[in-house]
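J.: Adding 105 to a residue's 1-based position in the sequence shown gives its number in our numbering.
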Amino acid sequence: MDMLHRAAATEYPVPALYLNGQWVNGADRPTEPVLNPATGETLALLTHATTADLDAALQAAKAAFPAWRATAPAERSRILRAAATLLRERADHIARIMTLEQGKPVAEARLEILASADTYDWYAEEGRRNYGRIVPGRTLNQRLSVLHEPVGVCAAFTPWNFPAITPARKIAGALAAGCTLILKPAEETPNTGLELVRALHDAGLPAGVLNAVFGVPGNVSGYLLDSPDIAKFSFTGSTAVGKLLAAQAAKTLKRATMELGGHAPVIVCADANIEKAADMLVAGKFRNAGQVCISPTRFYIADSIYEDFLAAFVERVKKIKVGNGLEEGVTMGPMANPRRLDAMKRLVADAVQHGARVLAGGKPADDSGFFWEPTVLADIPETAALMNEEPFGPLALMNRVQSVDEAISRANRLPYGLAAYAFTQDSAVRTQLARQLQTGMLGINSLAVSMPEAPFGGVKESGWGSECGIEGLQAYCDVKLISED
Ligand code: NAD
106 MDMLHRAAAT EYPVPALYLN GQWVNGADRP TEPVLNPATG ETLALLTHAT TADLDAALQA
166 AKAAFPAWRA TAPAERSRIL RAAATLLRER ADHIARIMTL EQGKPVAEAR LEILASADTY
226 DWYAEEGRRN YGRIVPGRTL NQRLSVLHEP VGVCAAFTPW NFPAITPARK IAGALAAGCT
286 LILKPAEETP NTGLELVRAL HDAGLPAGVL NAVFGVPGNV SGYLLDSPDI AKFSFTGSTA
346 VGKLLAAQAA KTLKRATMEL GGHAPVIVCA DANIEKAADM LVAGKFRNAG QVCISPTRFY
406 IADSIYEDFL AAFVERVKKI KVGNGLEEGV TMGPMANPRR LDAMKRLVAD AVQHGARVLA
466 GGKPADDSGF FWEPTVLADI PETAALMNEE PFGPLALMNR VQSVDEAISR ANRLPYGLAA
526 YAFTQDSAVR TQLARQLQTG MLGINSLAVS MPEAPFGGVK ESGWGSECGI EGLQAYCDVK
586 LISED
C-alpha cells in the first residue's frame, strides 16, 4: 500500500446522517459506496435515510423553528461565527477529506473551506442587519412598517463539484435569517458537507435547526418537496434537475432559489492583454478540472489576435500537472465521477466529427481513476453538441469572431445566462457588454465573480434568485407589511 492509499484508508471518516442533533448510522439502512475518483477505490459506505429518518428530520426542523426564529440575531450570529472559526482551524483536515472524495488538488480544497468560513461570517453579520423599513404613510397618522420574517423550514440539495461552498451558502443563509434546514449534500461527496454541519454542532447549534440526510436524490427531494411543511427549497445542480424540482414544488407553491447550469462565454477583444488574459483563463478554466458552473468555456476571440491567443493559451495548458490531488505539485485532479469521463468522450468525439481541431489533450489521461487531459479545441461549429450542452469538464472551446457585436450575439444564443467574461481596455465596449450580455454575472478583465458579499446567480435557464450578498439573506425571508392608523 503506497502512502496516498494509506492516507485514504485512515483519514476518511464513515459518513452519518445528522438528525435532531444526533449522528445516526448503521442499523438495517441501505448504503452506497463513496469512491475516490483518483483511484476508483471505495472510501466508505454511505448510509441512506429511510422514510422514517426523513420524517424525523422534518419533524426536528419543524419543532426547532419557533425557538430558532425567536433567537436573537446576535446569538445566531455568534454561533455562525464560532463555526467559521472552527472551519478555519480544521481547514487542512477537511481539505484532505474533500480531495479524497472529490478529487480536486488539496490546495484548491483548502481555499474552498476558507471561503466557506468567510461565507458563514458574512451571513452571521448580515443576519444582524436584516432591516425592515418604515414607509411614509398616506395620512399624518398612518404608519407603514415592512418586516422581514424567516420563511420557515427549508430544504437544500447541493452538488459534488463544490461540496463545501454550496452547502455553506444555503446553511448560513437559512440559519442567519432564522429558518431551520434539512440539507442533502451530494452522495458522492458526503463528508465535506458533514464537516460544515459538524462545525455548527460543535459551536452549539441547538438540535433540529440543521439536519443532514442522504439517499436516492429523487426520493429525498420527492419526500421533502411534497411536504407542505417545507416553505422553501434551494438547489444547485443541472438545469434539467432544477426544472424537475420546480415542477414538483409548484404543487405547494414553495419559494425557490436555484443555481443551475452555465456555459460561460469569454469574449477576448482585439485590444486585450493576451499574456495576462491567458494566465487568468488557463487557471480559471482548469480549476476543479472544469467542473464549475461559472467555468470560462465558449471563447470568442477577435480575428486579429486569434492565433496569438491560442498559442499563449496552449503553451500554458501544457504546463498543467494532472494527478492525484493529494500529491505535491498537482494542479488538476480527476473528474469527480465516471459520468463526467463518459461525457468528455462523447462531447470531444462529436466535436471532432463536426470538424473541430484538437490543440491539446482530447483523451483520458490515465487508465486508473477518472482522469481527462486538459483539452483545447478550436474552430467548433455551433452545431456540435458541446457548443450547446454544458461540458462541465476541462474543455476550452476556441472560436474566431469578426466583431464585438458578433461575439455578443453568439454569447447570448444559448438558454444559459450564469457567468460571462470579457477582456478589453475599451470603456465603450465595456459599457456595451454590460448592457447587452444576458448574464447574471460579468467579469471584465477578471474572473472574480464569486465572493460572500456579492450576489451569485443566473438568468434565463441558469436559475432563479441569488445566493450571497444582501440578496442571499432576503431569499430566506418573507416580507410583511403592517399598516397602522
Ligand atoms: P445530475 O443532473 O444527475 O445531478 C446534478 C446534481 O443534482 C447532483 O448533485 C445530484 O445529486 C443532484 N440531483 C439529481 N437528481 C436530483 C433530484 N431528483 N433531487 C435532488 N437532487 C438531485 O447530473 P450529474 O451527473 O451529477 O452532474 C452533471 C451535470 O450537472 C453537469 O453537466 C452540470 O450541468 C450540472 N451540475 C451543475 C452544478 C452547478 O454548480 N450548477 C453542480 C453539479 C452539477
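Cβ atoms here follow ideal geometry from the backbone N, Cα and C, with glycine treated the same way. Note that this is a predicted model, so its numbers are computed, not measured.
1. So, using beta-carbon positions, are P272 and T436 closer together than 8 Å?
2. In this structure, how does DSSP classify I425 when only helix, strand and coil are distinguished?
3. Is L124 helix, strand or coil by DSSP?
4. Could you check the C-alpha separation between M492 and R174 for me, to the nearest Å?
5. Which residues in the same chain as W128 place their Cβ atom closer than 7 Å to its Cβ, once the five residues preceding and following it in sequence are excluded?
6. Is it right to say L124 is buried, meaning 16 or more other beta carbons lie within 10 angstroms of its own, or is it exposed?
7. What ranges does the beta strand (DSSP E) occupy inside the segment 234-299, keeping only unbroken runs of at least 3 residues that lie completely in it?
8. Using DSSP bridges, identify the partner residues of F338.
9. Does DSSP put G570 in a helix, in a strand, or in coil?
10. Taking 6 Å as the limit between beta carbons, can you name the residues of its chain near V509, skipping five residues before and five after?
11. Which of the three DSSP states is assigned to L329 in this structure?
12. Is the segment 199-213 touching the segment 244-259 in the sense that three or more CB pairs, one from each, lie closer than 8 Å?
13. Any idea which residues DSSP pairs T144 with across the strands?
14. The ligand NAD and V554: does the residue's C-beta get closer than 7 Å to at least one heavy atom of that ligand?
15. Quick one, which of T152, W265, A187, I372 has its alpha-carbon nearest F340's?
16. Leaving out five residues on either side along the sequence, give the residues of the same chain with a beta carbon under 6 Å from the beta carbon of E669.
17. Measure the C-alpha to C-alpha separation of E146 and Y411 and round it to an integer number of angstroms.
18. Using DSSP with H/G/I as helix, E/B as strand and the rest coil, what is G389?
19. On the criterion of 16 or more Cβ atoms from any shown chain inside 10 Å, does N429 qualify as buried, or is it exposed?
20. Leaving out the 5 sequence neighbours to the left and right, which residues in its chain are closer than 6 Å to R248 when beta-carbon positions are compared?
21. Taking three-plus beta-carbon pairs below 8 Å as touching, is the segment 177-187 in contact with the segment 224-231?
22. If we count the other Cβ atoms within 10 Å of its Cβ and call it buried at 16 or more, is Q458 buried or exposed?
23. Just reading off the beta strand (DSSP E) that T402 is part of, what are its end residues?
24. Residues bridged to G548 by DSSP?
25. How should R403 be labelled, buried or exposed, when 16 other C-beta atoms within 10 angstroms of its C-beta is the threshold for buried?
26. If I follow the unbroken beta strand (DSSP E) through V481, where does it start and stop?
27. Which ranges does the beta strand (DSSP E) cover as unbroken runs of at least 3 residues, wholly within the segment 431-514, from first to last along the chain?
28. Quick check on K585: does DSSP put it in helix, strand or coil?
29. For the ligand NAD, any of its heavy atoms closer than 7 Å to the Cβ of P264?
30. Indicate, with yes or no, if the ligand NAD has a heavy atom lying under 7 Å from the CB of P439.
31. For a quick check, are the C-beta atoms of A539 and C374 less than 8 Å apart?
32. Would you kindly report the start and end of the unbroken alpha helix (DSSP H) that includes V534?
33. Suppose contacts are defined by Cβ-Cβ distances below 8 Å. Is L452 in contact with A407 by that definition?
34. Comparing C-alpha positions only, which one of K426, R505, S326 sits nearest to L159?
35. Mind checking whether Q543 and N517 have CB atoms under 8 Å apart?
36. Could you tell me the distance, in whole angstroms, from the CA atom of E293 to the CA atom of V251?
T.: Considering the structure as presented:
1. Residue numbering aside, residue 272 sits at position 167 when the sequence shown is read from its first letter. Residue numbering aside, residue 436 sits at position 331 when the sequence shown is read from its first letter. No, the pair does not count as a contact, with Cβ atoms beyond the cut-off.
2. The residue you call residue 425 lines up with position 320 of the sequence shown. If DSSP states are grouped into helix, strand and coil, I425 belongs with coil.
3. Numbered from 1 along the sequence shown, position 19 holds the residue referred to as residue 124. DSSP places L124 in strand when its eight states are reduced to three.
4. The residue labelled residue 492 in the question sits at position 387 within the sequence shown. The residue labelled residue 174 in the question sits at position 69 within the sequence shown. For M492 and R174, the distance between alpha carbons rounds to 46 Å.
5. On the sequence shown, position 23 is the one that residue 128 refers to. Excluding residues within five positions, the ones whose Cβ falls inside 7 Å are A121.
6. The residue you call residue 124 lines up with position 19 of the sequence shown. Buried: at least 16 other Cβ atoms inside 10 Å.
7. 238-241, 248-255, 258-262, 285-289
8. Within the sequence shown, the letter at position 233 stands for residue 338. Answer by DSSP bridge pairing, in chain order: A260, A361.
9. On the sequence shown, position 465 is the one that residue 570 refers to. Residue state, collapsed to three classes: coil.
10. Taking the sequence shown and counting its residues from 1, one reaches residue 509 at position 404. Taken in chain order, the residues that qualify are V534.
11. What you label residue 329 is simply residue 224 of the sequence shown in a count that begins at 1. Helix.
12. no
13. Along the sequence shown, read from residue 1 onward, the residue named residue 144 stands at position 39. DSSP output for T144 lists no bridge partner at all.
14. In the sequence shown, residue 554 corresponds to position 449, counting from 1. Checking the Cβ of V554 against the ligand NAD gives no.
15. The residue you call residue 340 lines up with position 235 of the sequence shown. Of T152, W265, A187, I372, the residue nearest in Cα terms is W265.
16. There is simply no residue 669 to check, as the chain begins at 106 and stops at 590 in what is shown.
17. Taking the first residue of the sequence shown as 1, we reach residue 146 at position 41. Taking the first residue of the sequence shown as 1, we reach residue 411 at position 306. Looking at the two C-alpha atoms, the distance is approximately 43 Å.
18. For the purposes of this step, residue 389 is taken as residue 284 along the sequence shown, with counting starting at 1. Three-state result, G389: helix.
19. Counting from 1 along the sequence shown, the entry for residue 429 is found at position 324. Buried, by the Cβ-count rule.
20. Here the question's residue 248 lines up with position 143 in the sequence shown. G242, E589.
21. yes
22. For the purposes of this step, residue 458 is identified with residue 353 of the sequence shown, where counting begins at 1. That one is exposed.
23. Here residue 402 is taken as the residue at index 297 of the sequence shown, counted from 1. Element bounds for T402: 401-407.
24. Locating residue 548 in the sequence shown gives position 443, where the first residue counts as 1. Bridge partners of G548: Y526.
25. Working through the sequence shown from its first residue, we reach residue 403 at position 298. Buried, by the Cβ-count rule.
26. One-based indexing of the sequence shown puts residue 481 at position 376. Run containing V481: 480-483, per the beta strand (DSSP E) assignment.
27. 462-465, 480-483, 500-506
28. Against the sequence shown, residue 585 aligns to sequence position 480. K585: strand per DSSP, three-state reduction.
29. Start at 1 with the first residue of the sequence shown, and residue 264 comes out as number 159. Under cutoff, so the answer is yes.
30. Here residue 439 refers to the residue found at position 334 when the sequence shown is read from its first residue. False, no ligand heavy atom lies under 7 Å from that Cβ.
31. Taking the sequence shown and counting its residues from 1, the one referred to as residue 539 is at position 434. Taking the sequence shown and counting its residues from 1, the one referred to as residue 374 is at position 269. The answer is no: Cβ separation not under 8 Å.
32. Position 429 of the sequence shown, counted from the start, is the residue given in the question as residue 534. Unbroken alpha helix (DSSP H) run through V534: 532-541.
33. Sequence index remark: in the sequence shown, residue 452 carries index 347 (1-based). Sequence index remark: in the sequence shown, residue 407 carries index 302 (1-based). Result no, Cβ atoms of L452 and A407 do not sit closer than 8 Å.
34. One-based indexing of the sequence shown puts residue 159 at position 54. Looking at the Cα atoms, S326 is the closest of the given residues.
35. Here the question's residue 543 lines up with position 438 in the sequence shown. Here the question's residue 517 lines up with position 412 in the sequence shown. Taking 8 Å as the Cβ cut-off, Q543 and N517 qualify as a contacting pair.
36. Sequence index remark: in the sequence shown, residue 293 carries index 188 (1-based). Sequence index remark: in the sequence shown, residue 251 carries index 146 (1-based). C-alpha separation (whole angstroms): 42 Å.
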